[in-house]
Amino acid sequence: MNRLFAFLVVLLAGLAVVTPLRGAPAPVAMTATEFKWTPKDVTATAGDVTFNVVNKGTVEHNFVVEDPKGKVVKEVDSIQPGKSAQVKVTLKAGKYAIVCTVPGHREAGMVATLTVK
């Protein structure tokens, strides 16, 4: 009986080591500078997505997620230089754009592609 118990303990311990815990996906890190997003191409899993957005630039930026038709899905109005924001949004599979809509920023190239699978 003790050998069986010891075997089960070892077996379960081994399963705990090789079986990954399924929790929330890791946040997507985004950095805003003049005038770009890093990374430029982002992939996420459908469902709840969290973005950790840091403004490492010298001017104000914002964070906007748009669907393929240009409709705003989520928006953070202002992220000041040196500040950050955590943005949570629920997304379906598809292609989205991450943009900064501060006047002139999108036109200067501050656009990233978000692919949700």
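Per our numbering, the very first residue in the sequence shown carries number 37; after that it's consecutive.
Yeah, the Cβ is synthetic: ideal placement off N, Cα and C, and Gly gets one too.
Helix, strand or coil at residue i according to DSSP, with G and I counted as helix
| i | result |
| --- | --- |
| Met146 | coil |
| Thr94 | coil |
| Lys124 | strand |
| Glu70 | coil |
| Thr79 | strand |
| Ala60 | coil |
| Asp113 | strand |
| Ala129 | coil |
| Val135 | strand |
| His141 | coil |
Pair within 7 Å by beta-carbon distance, residue i and residue j
| i | j | result |
| --- | --- | --- |
| Lys131 | Pro104 | yes |
| Val89 | Ala121 | yes |
| Asn91 | Val138 | no |
| Thr74 | Thr151 | no |
Segment limits, beta strand (DSSP E) that includes residue i
| i | result |
| --- | --- |
| Phe87 | Gly83 to Asn91 |
Buried versus exposed, by CB contacts within 10 Å (16 or more), residue i
| i | result |
| --- | --- |
| Glu143 | exposed |
| Val85 | buried |
| Gly93 | buried |
| Leu57 | For Leu57, the predicted model reports a pLDDT of 48, less than 50, meaning its position is unreliable; a value from the coordinates is still stated below. Exposed, by the Cβ-count rule. |
| Val108 | exposed |
| Gly145 | exposed |
| Ala148 | buried |
Spatial distance of residue i from residue j (CA atoms)
| i | j | result |
| --- | --- | --- |
| Glu111 | Val101 | 6 Å |
| Gly140 | Ala133 | 16 Å |
| Val64 | Phe87 | 5 Å |
| Thr81 | Lys124 | 13 Å |
| Gly83 | Val135 | 20 Å |
| Lys128 | Thr69 | 28 Å |
| Lys72 | Met66 | 10 Å |
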